[in-house]
Structures are given as structure tokens and as C-alpha cells.
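Residue numbers (numbering that gives the first Met the number 0), protein chains in the order written: chain A, 0 to 186; chain B, 0 to 232. Built from N, CA and C at the ideal position, the CB exists for glycine as well.
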Amino acid sequence: MDALVGHGVEAAVILDSGLEREFEERLADSSTLAFRLAYSVLRNREDAEEVAQEAFVRAYQNFPRLRDRTRFRAWLARIAWRLALDRRRSSIRRERREQAASVPQPVPTVEDLAVSSEFQRCLQQAIGELPEKLRIVLLLAAVEGRDMREVAALLDVPQGTVKSRLFLARKSLAEKLQWAATSIKTS
Amino acid sequence: MGCNQYQDQLMDAALGGLPPEREAALHAHLRECASCRSEFDRQQRLCAAMDQALEAGVAAEPSPEFLARIRTKIAEQPAPGREWLGGWLPVAAGAVAVVALLVVWFFSREAVQPAPQVSPVAEVAPRPKPAERPATMPPQVAVRRARPSARPSLLAASAKRADLPEVLVPEDQQAGVRWLYQAMHRHPATVIGILAEVAAQTDAASAPIQVEELKIKPMEIAPIQAAEKDGQK
Chain A
0 MDALVGHGVE AAVILDSGLE REFEERLADS STLAFRLAYS VLRNREDAEE
50 VAQEAFVRAY QNFPRLRDRT RFRAWLARIA WRLALDRRRS SIRRERREQA
100 ASVPQPVPTV EDLAVSSEFQ RCLQQAIGEL PEKLRIVLLL AAVEGRDMRE
150 VAALLDVPQG TVKSRLFLAR KSLAEKLQWA ATSIKTS
Chain B
0 MGCNQYQDQL MDAALGGLPP EREAALHAHL RECASCRSEF DRQQRLCAAM
50 DQALEAGVAA EPSPEFLARI RTKIAEQPAP GREWLGGWLP VAAGAVAVVA
100 LLVVWFFSRE AVQPAPQVSP VAEVAPRPKP AERPATMPPQ VAVRRARPSA
150 RPSLLAASAK RADLPEVLVP EDQQAGVRWL YQAMHRHPAT VIGILAEVAA
200 QTDAASAPIQ VEELKIKPME IAPIQAAEKD GQK
């Protein structure tokens, strides 16, 4: 009986070591993806690192339940994306509460801001207004260097779907930026 | 096609989303129209700036300690394999226990046979042999012996009479079962009689149910006193 128990414990240890080794390989391969995806949403390095760390912890806790280990990057991307969106919503609510409590600061005029900063601000605002399906395609395409095959694999959709959603997202951004550029010129 | 029609296509062309045949026609027009060409160049610069800003926005690198911090956090977690096993073993054991209970319950239900409609004393009296039973049996009511520790019967009138079997009936069905019992008591072996009672209960406008008469012999049960005397002899 003791021999059987000993073998059982040994088997469990081997399973743990194998899983941990496999997870470590996935960690090295996917850490930048998780960070950049979180950063694209949060625009803050510290917050993005915290969110990416939390995504890896959750992935680690549920790793044995992942049947297809080849889908790990896509799975991790979804976890990081969800956590980043949740963090962003919390930040927005906190900022609104702080703004309601604090003395209103004067809003910088268009002339006070550098054009590139204003362009970046308008771009981020336009990205935030996109529907989620278009937003994630746009940001993943930017993270993956416009590799449609990789983005399609991460999202588990056909490449044609990725291309059409990316086109719609870019068109929406361009129209909003064009309107914003016209407003800046005429103001 | 005039400039107005091509103006709508300039953005799509700048984004690279125009079908090839329409793109060829547009470029043919741009070669001839300076105004549209100028607008197209502006759209292209806007899209290029947008793409550049997008890529710059996600090109951030994590800090050098990023991976180390992840490994530290993961090291604080329990090992996934053992925890997974430990977490699922109680669930699996519980599921097996539930299945075992269901099997025992199912087979214990199967062991409870629907008994013929007999008086309580029939348990101690000798049962009629199969050959003595009539060829066709009257409709029988499945009854269950009420044990002293069991819940009191909902059919209070029948439960009070010791010579009648106890039937557990839901509260909302008591009136119907009571009526059915009384009808069967009045016409113990005649289905037509029961159906006639049903017709009497229904709306006068409803057509009566036409059923062929069934010939069912009543079941002969020896009276209690006679059975006891036979046993004493």
C-alpha cells in the first residue's frame, strides 16, 4: 500500500513538473503579446504589466484544463484583453469620481497642444469608440505587425473576416481623424 | 463618372480596400483630375499617419523585471497539476456517491409492486392461487400500505376507516380521486358506469362518450369472518 501511495505521489510530482515546464515555455513566447495588448488599451506601462501578470497567473491556474495547448497564445490574449478592459473601465469610473470632486482644470486649447500629441489623443479616443470586435482586430493587427494569419489564429476567425473588420476599423478611425483635423484647422 | 462619384472612393482607395477594377478606374481619373489627386494624396497621408501612430501606440516594451515578476507571482501559486487533481477528486467522489444512491433508490422503487385492491386483513389471510383468480381482473388501484411512522394520508376520510386501503394523494387531486374512488365503489366492475358518471359531470352540451360494454367478472373475495373460520378449522 505504501509503495502504491509512493508511486502515486511520484506520478503527481512528474505531472506537475511537466506542466510547469510547458507553461514556462509558453510564458517566454507570449509575455510580450500580453503586455502590448494590455498597453494598447491602458496606455500605461505599469498598469499594462500588472494586467499582463494577472493574465499569466489566471492562465497558470487553469492551464491543466486547456485541452488544445496550441491555442495558448489566443487564450492568453483573450484573458489579457478582458482584464485590460475591466481595468480601463475601473480607471474611467475613478477618474470621473475624482473629477467630480476636484476643482476643474482649464482645458488646454488646440493651440496649446503639439499637433502630434493632439493627433494621438484623437486617435486613442477614436479607438475607444470602436465596437469591441473591430477594436481588438485593429490592436492585434498593430501588435502582430499586420500578420493577418496570426491575428486570425488568435481570434479563431477566418482571415477574410479579419481583413474586413480591419478595413472597417481603419476607415472609422480615418473618418473621425479627418473630422478632427478639419476642426483643429478651422478653430 | 464625375468627380463627385470618385470623391466617395478616395478614402477606400487610400485604405487599400477598393476592388481592383474600381481602383483602376479611379487612378485613371486621378491622372486627369488635379483636384481629386490632391485630395487623394491628403487621404493617403492621413492613413499613413494613423497607421504609424497605431503601431507606435503598441510598440511599448515591458520593463526588464517583467518576466521575473511573473515567475515570482506564479511561484506563489499552488502547482496546477496537483491542485487540479485535488480539486476534482472530491467532485468525482461525490458524483459516484450520487449515482450509487440513485441506483439504490431506483431498484428499491422497482421492488415495490402495485398490490391488488385487498382489505388490510388480506395480508395475513392466504392469497388466492393464480388458478382461482378470474380471467380478467377489475380495474385495480395501486395502493401502498401506510406504516404507523408514515405521514398521515391526505385522503382523510379513507384513512380513518381501517378496512379501506390508504392512498397518498396530492392535495389538488383529492377531490377527483375521492370522486373516482366512490364511483368505482358504486360500480366496482363496470367501466360503463364510471364513464356514465363522467358524462354526468361534464357539460350538458358535450356529446356522451360511446364505449362498448365490457364484460368483467367481479373478483370474488372471501369475507373476513369466513376466512378466519376456515383457518381455524
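Task: Under 8 Å by beta carbon: chain B residues contacting Glu-48 of chain A - done: Pro-61, Ser-62, Phe-65 and Arg-68
Task: Burial state of Ala-155 of chain B, where buried means 16 or more other Cβ atoms lie within 10 Å - done: Note on Ala-155 of chain B: pLDDT 49, under 50, position unreliable in the model; the coordinate value appears next. Exposed, since its Cβ has fewer than 16 Cβ neighbours within 10 Å.
Open item on the list: DSSP three-state label for Arg-77 of chain A, please.
Closed with: helix
- [ ] Determine whether the Cβ of Cys-35 of chain B lies closer than 9 Å to any Cβ atom of chain A.
- [x] no
Open item on the list: Strictly under 9 Å for the Cβ-Cβ distance: is Leu-172 of chain A near chain B by that measure?
Closed with: yes
Task: Residues near Gly-159 of chain A by beta carbon distance below 7 Å, same chain, minus five either side - done: none
TODO: For Gly-127 of chain A, collect the residues of the same chain with a Cβ closer than 6 Å to its Cβ; drop the 5 residues on either side in sequence, then sort them by chain order.
DONE: none
Open item on the list: So that I know if they touch, is there some Cβ in chain A lying closer than 9 Å to that of Asp-7 of chain B?
Closed with: no
TODO: Establish whether the CB of Gln-42 of chain B and some CB of chain D are separated by less than 9 Å.
DONE: Absence of chain D from the displayed structure is noted, the protein chains being A and B.
- [ ] Report the option in B:Gly-56, B:Pro-77, B:Glu-64 and B:Leu-45 whose CA atom is closest to the CA atom of Tyr-59 of chain A.
- [x] B:Pro-77
Open item on the list: Can you check whether the C-beta of Cys-46 of chain B is within less than 9 Å of a C-beta belonging to chain A?
Closed with: yes
- [ ] Report the neighbours of Val-56 of chain A on chain B: residues whose CB is nearer than 7 Å to its CB, in chain order.
- [x] Lys-72, Ile-73 and Gln-76
- [ ] Please report the residue range of the alpha helix (DSSP H) in which Ala-52 of chain B lies.
- [x] 33-57
TODO: Just the C-alpha distance for Arg-93 of chain A and Arg-87 of chain A, rounded to the nearest angstrom, thanks.
DONE: 10 Å
Open item on the list: Please classify Ser-30 of chain A as buried or exposed, where buried requires at least 16 neighbouring CB atoms within 10 angstroms.
Closed with: buried
Task: Residue from B:Gln-43, B:Arg-70, B:Pro-222 and B:Ile-220 whose Cα sits closest to the Cα of Arg-20 of chain A - done: B:Arg-70
- [ ] Starting from the C-beta of Glu-49 of chain A, find all residues in its chain whose C-beta is less than 6 Å away, skip the five residues before and the five after it, and write them out in chain order.
- [x] none
TODO: Determine the direct distance from the alpha carbon of Ala-27 of chain A to that of Ala-51 of chain A, and round the result to whole angstroms.
DONE: 13 Å
Task: Limits of the alpha helix (DSSP H) - the one that Gly-175 of chain B falls within - done: 173-185
- [ ] Alpha carbon to alpha carbon, how far is Lys-170 of chain A from Glu-117 of chain A? Give it in angstroms, no decimals.
- [x] 19 Å
TODO: Please confirm if Glu-20 of chain B has its CB atom under 9 Å from at least one CB of chain A.
DONE: no
Open item on the list: Distance cutoff 9 Å, beta carbons only. Does Ala-96 of chain B sit that close to anything in chain A?
Closed with: no
Open item on the list: Using C-beta distances below 7 Å, list every residue in its chain close to Leu-44 of chain A, excluding the 5 sequence neighbours before and after it, in chain order.
Closed with: The question names Leu, but residue 44 of chain A is Arg in the sequence shown. Answer for Arg-44 of chain A: Tyr-38, listed in chain order.
Open item on the list: Along the chain, where does the alpha helix (DSSP H) containing Arg-68 of chain B start, and where does it finish?
Closed with: 65-74
TODO: Output, in chain order, the set of chain B residues within a Cβ distance shorter than 8 Å of Phe-118 of chain A.
DONE: Ala-48 and Ala-52
Task: Leu-154 of chain A to Ser-16 of chain A span [Cα, whole Å] - done: 30 Å
Task: Whether Leu-122 of chain A touches Ala-52 of chain B by CB criterion (9 Å) - done: yes
TODO: Measure the Cβ-Cβ separation of Phe-55 of chain A and Gly-16 of chain B and say whether it is below 9 Å.
DONE: no
Open item on the list: When you compare the CB of Leu-25 of chain B with every CB in chain A, is at least one pair closer than 9 Å?
Closed with: no
Open item on the list: Determine whether the beta carbon atoms of Pro-63 of chain A and Leu-129 of chain A lie at a separation below 9 Å.
Closed with: no
Open item on the list: Tell me which residues share the same chain as Cys-46 of chain B and place their Cβ nearer than 7 Å to its Cβ, disregarding the 5 neighbours each side in the sequence.
Closed with: Ala-13 and Leu-14
- [ ] Say whether the region 2-10 of chain B touches the region 25-35 of chain B, bearing in mind that this needs 3 or more beta-carbon pairs closer than 8 Å, one atom from each stretch.
- [x] yes
Open item on the list: Taking the alpha carbon of Ala-59 of chain B as the reference point, which residue from A:Glu-143, A:Leu-133 and A:Glu-24 has its own alpha carbon closest?
Closed with: A:Glu-143
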